[in-house]
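> The structure's right below; bear with me while I get my questions together.
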Amino acid sequence: MKIAPSILSADIANLGRDVKRVEQAGADYLHIDVMDGNFVPNLSFGTNVVRQLRGQSYLTFDVHLMVEHPESWIDEFAAAGADIIGVHYEATPHIHRALRMIHEAGKKAELVICPGTSVAMITDLLSDVEQVLVMTVDPGFGGQHFLPSMIHKIKQLAEIKAQQGFAYEIEVDGGINDQTIAQCKQAGATIAVAGSFVYNHETPAIQIQKLKAV
Ligand code: DX5
Ligand code: ZN
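The sequence shown begins at -2 in this note's numbering and counts up one residue at a time.
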């Protein structure tokens, strides 16, 4: 499974160092959580953080937009250095347009669903995305508990992918540790985001190895 450490739980005063640490530890992606204090009750990073980190890291940047009307931000995050841009199904009435804008900006499109959204709501969009992100907590904060009731969505997405011959990656985000990642992997997830499990530890590299060993 690919591992995408989330810098939401990194030491922000030493962000460059913390990114290097996971890069050297074999992380596959860097997960960057963007929150607008509106779609989710928290604020986090803007385009400046993505741009500055871009100059320091070769990792694939997986930018998770937890913002209302993501259409307004896609071009700016693309220009700042995002490789994959994730937009929430719940964040705009025009989700297809948002996905198309990501492709027009030359980036990989990721469709994200909150715990309250079922796979049935997004089946018509699955042919147009490179990645689907199943939230396994309510978005907005790191360090929350994994919701096992989301696992069936991973299975559904894996089934549709096999039946239809789609190539999208299935990513999970929220409450991932060395136990919960095993359940997600078994259900068909291909990428796991991990914030607190990686960074709330003296040695992030050890934590990444634990996740990779599953
Ligand atoms: C939550 C974010 C997550 C968060 C995960 O809204 O989307 O990416 O950083 O943190 P953990 O791994 O601590 O649940
Ligand atoms: Zn995230």
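Built from N, CA and C at the ideal position, the CB exists for glycine as well.
The model shown is predicted, which means the values in this text are computed figures rather than measured ones.
Would you kindly check if the distance between the Cβ of H61 and the Cβ of C108 is under 8 Å?
Numbered from 1 along the sequence shown, position 111 holds the residue referred to as residue 108. Numbered from 1 along the sequence shown, position 64 holds the residue referred to as residue 61. Residue identity check: residue 108 is Leu in the sequence provided, not Cys. No, Cβ-Cβ distance for L108 and H61 is not below 8 Å.
> Is A191 near the ligand DX5, with its Cβ less than 7 Å from a heavy atom?
As a first step, residue 191 must be located in the sequence shown, where it is residue number 194. Checking every heavy atom of the ligand DX5 against the Cβ of A191, one is found closer than 7 Å.
> Would DSSP call D15 helix, strand or coil?
Your numbering for residue 15 matches position 18 in the sequence shown. Looking at D15 - three-state DSSP - the assignment turns out to be helix.
> Mapping DSSP to helix, strand and coil, what is I4?
The residue you call residue 4 lines up with position 7 of the sequence shown. If DSSP states are grouped into helix, strand and coil, I4 belongs with the helices.
> Pair every Cβ in the stretch 2 to 11 with every Cβ in the stretch 23 to 38, then say whether three or more of these pairs are closer than 8 Å.
yes
> Sort out for me which residues DSSP pairs M32 with in a bridge.
Numbered from 1 along the sequence shown, position 35 holds the residue referred to as residue 32. M32 is bridged to M63.
> Tell me L40's beta-bridge partners as DSSP assigns them.
The residue given as residue 40 occupies position 43 in the sequence shown. Per DSSP, D33.
> Do M98 and K63 have their beta-carbon atoms positioned less than 8 Å apart in this structure?
Counting from 1 along the sequence shown, the entry for residue 63 is found at position 66. Counting from 1 along the sequence shown, the entry for residue 98 is found at position 101. Strictly speaking, residue 63 in this sequence is Met, with Lys absent from that position. Cβ distance not < 8 Å, so M63 and M98 don't count as in contact.
> State the DSSP-derived secondary structure class of M98, mapped to helix, strand or coil.
As a first step, residue 98 must be located in the sequence shown, where it is residue number 101. Looking at M98 - three-state DSSP - the assignment turns out to be helix.
> Between G172 and the rest of its own chain, which residues show a CB-CB distance below 8 Å, the 5 nearest in sequence each way excluded?
As a position in the sequence shown, residue 172 is number 175, starting the count at 1. Answer for G172: T133, V134, Q141, H142, F143 and L144, listed in chain order.
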